[in-house]
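Per the numbering used here, the very first residue in the sequence shown carries number 77; after that it's consecutive.
Each remark here refers to the structure printed beneath this line.
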Amino acid sequence: METPPLPRALLKRQVTVILILLLRWEAGSTILKYSTLEEREGGSFVANLAKDLGLDLGELAARGAQVISEGNKQYLQLQQKSGSLLLKEKLDREELCGDTDPCVLRFQVFLKNPVQFFQGELQLQDINDHAPAFLETEILLKISENSHPGTAFPLKIAQDLDVGSNTVQNYTISTNSHFHLFTRAHSDGRKYPELVLDKALDHEEQPELRLSLTALDGGSPPRTGMSQVVILVLDINDNAPKFAQLFYEARVPENSSVGSLVIMVSARDPDAGTHGELSYSFFHPSHQVLQVFEINERVGEIRLKKHVDFEETKSYQMEIEASDGGGLSGKCTVAVEVVDVNDNAPELTMSLLINNIQENSPETVVAIFRISDPDSGDNGKMLCSIQDHLPFRLKPTTDHFYTLVTERPLDREERAEYNITITVTDLGSPRLKTEHTIRVLVSDVNDNAPIFTQTFYTLLIHENNSPGLHLGTVSATDRDAGANAQVTYSLLPPRDPHLALASLVSIHAERGHLFALRALDFEALRAFEFRVGAADAGSPALSSETLVRVVVVDDNDHAPLVLYPPAPNGSAPCPELVPRAAEEGYLVSKVVAVDGDAGQNAWLSYQLLKATEPGLFRVWAHNGEVRTARPLGERDAAQHRLVVLVQDHGEPALSASVTLHVLLVDGFSQPYLPRPEGARDEAQADWLTVYLVIALASVSSLFLCSVLLFVGLRLCRRRRAAWEGGCSVPEGHFPGHFVGVSGTGTLSQSYQYEVCLTGGSEASEFKFLNPIVPNIQAPGPERNSEESSNLRNSFGFNIQ
């Protein structure tokens, strides 16, 4: 909705008011002066401040007008609605100002937005609320009988706390035939009475007179105070006391203790007897002098009765009267100057304080305060400062007012809280200081986007996982605070349009947990990438994103598949033909297999699981080649059945087997295929490995030599008994031989036979009878054929 334009007259008026305020601000010398009677009730109207400042009521409230009194106590208050300046409480002029006239209370008017100050003064007008009072109800006056008519005798004055016309203006005395009263004005403006002798006194006729002295103030109606004047008529005393000086000066430091000597006055009287005995007293003392000083009547010492304070009263003046026993007196004046001591630390009065500042704000007013020191000279001069290296500075204004402002925009993430100590130090000796600490909090603005702890996340998950599996967690932090730091996570649309991300993963919006929605298949999907966004709850919201790559880890869920030879029923369809003249290493066939898995799960090894004749054929573990392990002979069987096991390296391992049928033929026209050099090198490497294993085993077997020797002796005894008694069957389990057929660690089959030793010829012959128990033993590489040949060579037996 569009705001209607302001009327031309109102706009002109506002411009005029602004110009006037600017001129007043620049001048800085406009003083608002008001006056009011004392003892008025709190809330009484003083002035229309808005009218005097030329401001509208709405503008006065909008600019946050405040009235600030000097000191820590507020005497005035501003009514925002009417713009009226009111008394906050009843004011007593005598309590606030004492004898000072006029009584002026100073204050300031503070306007914010923009900052502006106006000086103001409120004068308290005295009302006649105190009656004159004499300090003594009876005034003793000694007058010599030889006093001449016209001689004046000063009387003690009455005290009146009021000032101006409301204080004592006149004195009267009761009717008598010897005296009349004359009122004189003192140098300080006070009125004091003098008793004037009209008719000579006669001690013998009337030694004592009693008169009533009345003091009247200038109020309407006037108030009065009364005292009795007792006049003692003395015999002749022709020498009055005389002071050594008519004017004495003294200086008293304000930190002097009670009872300290201020000054000693001295007077002389040449008379003898009681006429020469002097007594000292204050003459016409003020109420203030009587409170602060006391005098020794005999010796004239003036001492402190209470502590003096330079800030309250800077000097005192008093008259001292020396009276002899004959009623004569002399007078002198004593002026006491109070020497200022730096006994007041500076004071700081806070007028405005803003404890919470929004970050990134331009120059902002934090506090407005006034400093003061009631001391004088250098003791009252002050320096104001704050700590270094803070983004704040002090700007002095008028009349010891300071404004604390930000020096630059603040950053909550850099620092969220400041403790600013304002130090005010005077220049006295020793220096006194006052410290005032304010706490400023920096409120947050959403100026920081969430930041992920990693720029790129890689998560691993095994295939065939259960739906709902926790994949991992992405995490982002936000340097802001509150709602500006509340991070929510979401999946961003994938860059690949063919990736159905919504069916693969989900994310917890508050914690950033990623979950798999369905089971993954490594063979179908090995890895995929997507983006995750993090947004805060600020206004406007800020966000960032990160890339997440999910890698599917392969599980061993596919068994090896034999491609060659093709074996639909687990057996090769046709036999492999091998000539009997084939040498060691002749290539019989090659088993080719694949595995759908990856990595270690797809590493295949081949081994000969079963063979019709162990030791005749071997299978290379890494390439599946089936080769002859030794040269073929005429006595080898014509048909052989080989079972080759193909096994992967997964956990657990999966395997497949294929059966090969090998047919040994004579006159086979296929050319002889020599063993490749690579195979020979590999065989040599296998033999080297075997030798290393045998060497290590030999070292370990030294420990068992004694046991084996013992067992060997027992066996020899049984063999000797068997030769003498015929054939014998070994007792217990026959351990058999470790027959290696492939060198890959596959279990092979061995046989146990009954053996009988026959004599009758030069060469003994072993005969293997019926096999007893077939056993599966753990093979060692290339060990079977070697041990078989060693047995034949050592014992000279043939296998039948």
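C-beta atoms are modelled at their ideal positions from N, C-alpha and C, and glycine is treated no differently.
Distance CB(residue i)-CB(residue j) smaller than 7 Å
| i | j | result |
| --- | --- | --- |
| isoleucine 510 | proline 422 | Rather than isoleucine, the amino acid found at residue 510 in this sequence is threonine. In this structure, proline 422 lies closer than 7 Å to threonine 510 by Cβ. |
| valine 180 | phenylalanine 194 | no |
| aspartate 454 | aspartate 416 | no |
| leucine 211 | proline 269 | no |
| aspartate 73 | arginine 169 | Residue numbering for the chain in the displayed model covers 77 to 876; residue 73 lies beyond these limits and cannot be assessed. |
| leucine 596 | valine 628 | yes |
| glutamine 245 | serine 111 | no |
| histidine 476 | arginine 446 | yes |
| glutamate 330 | valine 414 | yes |
| leucine 736 | arginine 656 | no |
| valine 338 | alanine 326 | yes |
| leucine 637 | glutamine 683 | no |
| glycine 614 | asparagine 677 | no |
| threonine 140 | lysine 188 | Here residue 140 turns out to be glycine, not threonine, going by the sequence shown. In contact: glycine 140 and lysine 188 (Cβ atoms closer than 7 Å). |
| asparagine 436 | proline 467 | no |
| glycine 548 | leucine 590 | yes |
| glycine 118 | leucine 161 | no |
| serine 303 | serine 355 | no |
| arginine 625 | threonine 564 | no |
| isoleucine 396 | valine 384 | no |
| glutamine 235 | alanine 209 | yes |
| proline 317 | glycine 406 | yes |
| aspartate 671 | aspartate 724 | yes |
| valine 719 | lysine 686 | yes |
| leucine 289 | isoleucine 233 | no |
| histidine 279 | valine 309 | yes |
| histidine 634 | aspartate 673 | yes |
| histidine 256 | valine 272 | yes |
| leucine 216 | asparagine 252 | no |
| cysteine 408 | leucine 322 | yes |
| arginine 266 | alanine 207 | no |
| lysine 204 | glycine 301 | Reading off the sequence shown, one finds asparagine at residue 204, where the question assumed lysine. Against a cut-off of 7 Å, the Cβ pair of glycine 301 and asparagine 204 comes out as no contact. |
| asparagine 632 | leucine 784 | no |
Integer Cβ distance of residue i from residue j, believed to fall under 8 Å
| i | j | result |
| --- | --- | --- |
| aspartate 556 | asparagine 524 | 5 Å |
| alanine 276 | tyrosine 247 | Actually they do not touch by this definition, with Cβ atoms about 23 Å apart. |
| glycine 403 | asparagine 313 | 6 Å |
| leucine 517 | glutamate 489 | Not confirmed; about 14 Å, so no contact. |
| methionine 394 | valine 441 | The Cβ separation is near 51 Å, so there is no contact. |
| glutamine 367 | lysine 390 | At roughly 16 Å, the Cβ-Cβ gap does not stay under 8 Å, so glutamine 367 and lysine 390 are not in contact. |
| glutamine 715 | leucine 692 | Not confirmed; about 12 Å, so no contact. |
| leucine 133 | lysine 166 | Incorrect: roughly 27 Å between the Cβ atoms, too far for contact. |
| valine 143 | glutamine 155 | In fact, because the Cβ distance is near 10 Å, the residues do not count as touching under 8 Å. |
| asparagine 541 | alanine 592 | 6 Å |
| threonine 529 | threonine 553 | 7 Å |
Candidates the options, of which the one nearest residue i by Cα
| i | options | result |
| --- | --- | --- |
| tyrosine 151 | Phe121, Glu689, Val550, Ala326 | Phe121 |
| alanine 603 | Asn418, Val384, Asp630, Asp236 | Asp630 |
| isoleucine 498 | Leu257, Pro616, Met426, Ser253 | Met426 |
| arginine 706 | Arg571, Ser158, Gly661 | Gly661 |
| valine 328 | Ala320, Thr300, Arg379 | Arg379 |
| serine 357 | Pro346, Val375, Asp345 | Val375 |
| glutamate 135 | Gly159, Ser620, Val239, Lys149 | Gly159 |
| glutamate 373 | Val734, Gly349, Ser362, Met340 | Met340 |
| valine 500 | Asn418, Met458, Tyr478, His538 | Met458 |
| leucine 424 | Asn431, Arg299, Cys460 | Cys460 |
| tyrosine 640 | Glu605, Leu785, Ile527, Val734 | Val734 |
| alanine 617 | Pro472, Ala559, Ile514 | Ala559 |
| alanine 126 | Glu115, Arg116, Ala138 | Ala138 |
| asparagine 431 | Thr482, Phe786, Tyr478, Glu388 | Thr482 |
| leucine 429 | Tyr478, Asp293, Gly504, Thr243 | Tyr478 |
| alanine 320 | Arg344, Pro225, Asn495, Phe528 | Arg344 |
| alanine 658 | Asn418, Ala552, Asp712, Leu536 | Asp712 |
| asparagine 43 | Tyr324, Ser362, Pro297, Asn222 | Given that the chain is displayed from residue 77 to residue 876, the structure contains no residue 43 and the question cannot be resolved. |
| glutamate 115 | Asn124, Glu353, Leu172, Pro570 | Leu172 |
Proximity test, residue i beta-carbon vs the ligand SAM heavy atom, cut-off 6 Å
| i | result |
| --- | --- |
| valine 670 | Among the components of this structure there are no ligands whatsoever, and the ligand SAM is therefore not found. |
>> Tell me whether the segment 695-714 and the segment 655-674 touch, counting them as touching only if at least three CB pairs, one residue from each stretch, are closer than 8 Å.
In response: In short, these stretches touch, since the Cβ pair count reaches three.
>> Restricting to runs no shorter than 3 residues, where is the beta strand (DSSP E) found entirely within the segment 600-681?
In response: Counting only runs of 3 or more, we get 603-611, 619-629, 637-640, 652-655, 663-666, 668-670.
>> If we require 3 or more residues per run, which beta strand (DSSP E) segments fall completely within the segment 325-351?
In response: Fully enclosed beta strand (DSSP E) runs of 3 or longer: 337-340.
>> Please give the ranges of any beta strand (DSSP E) in the segment 203-242, keeping only runs that are unbroken, at least 3 residues long and fully inside the region.
In response: For the segment 203-242, whole beta strand (DSSP E) runs of length 3 or above, ordered along the chain, are 214-220, 228-230.
> Can you list, in chain order, the stretches of the beta strand (DSSP E) that have 3 or more residues and sit fully within the segment 685-756?
Replying inline: Runs of the beta strand (DSSP E) inside the segment 685-756: 693-695, 701-704, 715-724, 731-741.
> Which runs of the alpha helix (DSSP H) spanning at least 4 residues fall entirely within the segment 339-421, listed in chain order?
Replying inline: List check, alpha helix (DSSP H) in window: 363-368.
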